[in-house]
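Position 73 of the sequence shown, counting from 1, maps to 73 under UniProt numbering, and the rest follow consecutively. All residues carry an ideal CB built from backbone N, CA and C; glycine is no exception. Here the structure is laid out as structure tokens; the discussion comes afterwards.
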Amino acid sequence: MKLFIANCTHQKHKFNYKLPESYQSFGMDIDKGQQIQLPEMTSSEIEYVISQHESYGLTDVKRINKKFSGLCYSIDNPISVSKIKDGQCQKNENLESMSEEIMKNTAAASLQNLEQKILETGNIPDGSVLEIDIEAKPVDPEFNKTPMKKKLKAQR
């Protein structure tokens with residue numbers, strides 16, 4: 001049987017695995033947006049390899065969802081380019097959603113911290129809204145050419 005592993009992230013991934021009853025570790029590089037085929041294995045060996053990575057997010061290509069980590073697999077069939085691109089889009093959506101949540105939590109924590117500092121001075125916070133401007137430039141301008149600008153509001 002064949003096991004295909006696709007990397008739907010935007011960075012190279014080193015896929016390490018062990019086979020049952022073996023102390024030797026194997027590893028293969030998977031370039032971004034590419035897939036590899038592991039050497040021919042039995043079904044129990046394939047299950048063993050998959051079980052090593054499922055807790056880290058390795059997902060059957062048919063089950064890519066909002067929790068997708070970026071690596072998917074297929075047994076006996078190569079993963080189509082369109083499925084890899086769909087996986088990349090889902091991974092990007094997941095990262096953007098996570099980023100948005102982190103920024104909201106940061107704004108709320110900043111407001112709480114600011115109110116605590118005001119209380120320490122003996123004053124009472126007036127309950128006004130805290131606005132935070134966030135600007136981020138892309139790490140890889142080739143991948144993302146537009147800087148991110150957000151205005152966040154936090155209030156009690």
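- As DSSP reads the structure, Tyr73 sits in a beta bridge with Ile5 and Asp60.
- Residues Phe4, Ala6, Gln35 and Val61 of the same chain have their beta carbon placed closer than 6 Å to that of Ile79, with the five preceding and five following residues left out of the count.
- If one requires a minimum length of 3 residues, the beta strand (DSSP E) runs lying completely within the segment 25 to 62 are 25 to 30 and 35 to 37, in chain order.
- In summary, Gln90 is buried, with 16 or more beta-carbon neighbours lying within 10 Å of its beta-carbon over all protein chains present.
- When Met41, Gly70 and Ser43 are compared, the shortest CA-CA separation from Ile30 is found for Gly70.
- Rounded to whole angstroms, the separation of the alpha carbons of Cys72 and Met98 is 20 Å.
- With a 10 Å radius around the Cβ and a threshold of 16 neighbouring Cβ atoms, Ala109 comes out exposed.
- For the options Asp76, Ile134 and Ala107, the alpha carbon positioned closest to that of Gln37 is the one of Asp76.
- Taking 4 residues as the shortest admissible run, the segment 100 to 124 contains no complete alpha helix (DSSP H) segment at all.
- When rounded, the separation of the alpha-carbon atoms in Ser82 and Lys67 is 19 Å.
- Distance from the CA of Met28 to the CA of Lys18, rounded to the nearest whole angstrom, comes to 12 Å.
- Assignment of beta-bridge partners to Phe15 by DSSP yields Met28.
- Secondary-structure assignment with DSSP links Ile79 through no beta bridge to anything.
- Taking C-beta atoms under 8 Å as the contact rule, Asp133 and Lys151 qualify, at a distance of about 6 Å.
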